[in-house]
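Heads up, the thing below is written out as structure tokens.
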Amino acid sequence: MLIGIIVFIGLVFLIFIHEAGHFFAAKAFKMKVDEFGFGFPPRIMAWRPGGKKSKTFLEASSTQIEIETDRSETILQASSFTEVTEDKQGETEYSLNWLPFGGFVKIAGENDRVLGDLSALNALPEEEKKKYFCFQSAWNRSAVILAGVLMNFLIGWVLISAVFMIGTPSKLFIADVQADSPALLAGIRAGDEVQGFTEADDFIAFTDAHRGDEVSVTVLRENKTLVFTLVPRKETKENEGAMGVLLSQTGIPKEAPVTAIISGLKTSGAFARITVVAFYDLAKNLLLHGTILEGVVGPVGIFGVAQQAGSAGLLSLVQLLALISINLAVLNLIPFPALDGGRFLMILVEKIKGSPLPKTFEAYANGIGFLFLIILMVVITARDILRLL
């Protein structure tokens, strides 16, 4: 239960940090943000924090009194002061929505050029126009759109670097067992964790030192400690081991901070390349065969994998969350309508041709792209649920 809660918070954080990138970039360019939402509508709840209260000041009011006399008219002015306090409501509404497939930041003027009539906005004072996305420069708009991608990559990099700084314990596993080998006949299986050894070289040296002698090998399998007795081969053929096992050593050595940051960046780049290749395979399979690869999972599947990683230890979960964060960065950068990469591509085309793309084209492209992504996510999620049944 606790692992599930930690996993949920971790996934929520990755979505939040992506949208926070858009939010803070928009704020940095003095844009008005109408809504910051987690998930997609229908809405569960929303709130708008109060804005800053202005300082209390005195407002003067005057009353004129006319007094007529025989000789002249005298006008007296009586003044009074009233205490006034302005309360400005916060400009951004924060919402929690039912569909937990992502989130969104609604920036003022972001969709007006595509979906609305700009005549009302054009009538605004120049200072007020600066708050609207549609009146910002191509550079500013691009920076806001790509800020979410950058935040996800940075968070992934930070998490991986932290793992390198802390280090993970070294463990030795049985990766494979050869047919008719002493290990197989004794009962050792692939996936067993060897106890008493953390380095493959030490285990190999132990085996070589006891060729032809009876030895005991202790392993951990499904949280149960098992002890197997076997006799390593005295003479071996080519590609044949004394015990007949293939070893797999896991663990990350602890590194100095600077080295860990560099290793984190290299690993983040490797994760990004793996994601690009995986997406290419997904797209090719979807276009050529109309099917989704078996290894592709949605939110439900990710949650299950993350729970397994959490069971293996906190650092394993951190590594997985780092991978997911980098996946989000790469996938959002794909030049597909409704994704950040698609919106950036439209700004790039606008900059090259010197004028915006037709409003109807942008509207239809983003709408169809968004619908396709939602359908794809629903199909993948449904498949994840069926796997659990």
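Its first residue numbered 0, the sequence shown is counted upward by one per residue in numbering that gives the first Met the number 0. Heads up, the beta-carbon is just placed ideally off N, CA and C, and yes, glycines get one too.
(request) Count the other C-beta atoms from every protein chain shown that fall within 10 angstroms of the C-beta of residue 191, then say buried if there are 16 or more, exposed otherwise. (result) When all chains shown are included, residue 191 counts as buried.
(message) Considering only their Cβ atoms, is the gap separating residue 178 from residue 206 smaller than 9 Å?
(response) no
(message) If distances are taken between C-alpha atoms only, which option among 139, 339, 180, 360 comes closest to residue 147?
(response) Its Cα nearest to that of residue 147, the residue 339 stands out among 139, 339, 180, 360.
(request) Output the distance between the C-alpha atoms of residue 41 and residue 370, rounded to the nearest integer angstrom. (result) 15 Å
(request) Leaving aside the five residues before and after residue 264 along the sequence, list all residues of the same chain whose C-beta is less than 8 Å from its C-beta, in chain order. (result) 156, 160
(message) Tell me which residue opens and which closes the alpha helix (DSSP H) that residue 248 is part of.
(response) Unbroken run through residue 248 is the beta strand (DSSP E), 244 to 251; no alpha helix (DSSP H).
(request) Could you tell me the boundaries of the alpha helix (DSSP H) in which residue 20 lies? (result) 1 to 27
(request) Report the three-state DSSP secondary structure of residue 379 (helix, strand or coil). (result) helix
(request) Spatial neighbours of residue 181 within its chain, please: CB distance less than 7 Å, with the 5 preceding and 5 following residues excluded, ordered by chain position. (result) 229, 230, 231, 232, 242, 243
(request) With a threshold of 16 other CB atoms inside 10 Å of the CB of residue 43, please say whether the residue is buried or exposed. (result) Classified as exposed, residue 43 has fewer than 16 neighbouring CB atoms from the shown chains inside 10 Å of its CB.
(request) Give the C-beta separation of residue 304 and residue 158 to the nearest angstrom, bearing in mind that I take them to be a contact with Cβ-Cβ under 8 Å. (result) The pair is not a contact, with the Cβ atoms about 16 Å apart (cut-off 8 Å).
(message) So, does the stretch 208 to 224 touch the stretch 183 to 198, judging by three or more C-beta pairs under 8 Å?
(response) yes
(request) Below 8 Å CB to CB, which residues in the same chain sit around residue 20 once its five sequence neighbours on both sides are set aside? (result) Exclusion of the five residues before and after residue 20 leaves 146, 147, 148, 149, 150, 151 as the residues of its chain whose Cβ lies within less than 8 Å of its Cβ.
(request) Could you check the C-alpha separation between residue 22 and residue 32 for me, to the nearest Å? (result) 7 Å
(message) Just list the residues that DSSP pairs residue 215 with in beta bridges.
(response) Its beta-bridge partners are 228.
(request) Less than 8 Å between the CB atoms is what I'm expecting for residue 336 and residue 364, so what's the real figure, rounded? (result) 4 Å
(message) Let's test the definition: count the other Cβ atoms within 10 Å of the Cβ of residue 360 and tell me whether it reaches 16, buried, or not, exposed.
(response) Result: exposed.
(request) Along the beta strand (DSSP E) that carries residue 43, what are the first and last residues, could you check? (result) 32 to 46
(message) What residue range does the beta strand (DSSP E) around residue 132 cover?
(response) Here residue 132 belongs to no beta strand (DSSP E), and DSSP marks it neither H nor E.
(request) Jot down the residue ranges of each uninterrupted alpha helix (DSSP H) in the stretch 146 to 196, minimum 4 residues, whole runs only, in chain order. (result) Runs of the alpha helix (DSSP H) inside the stretch 146 to 196: 181 to 185.
(message) Nearest by alpha-carbon distance to residue 142: which of 127, 37, 332 is it?
(response) 332
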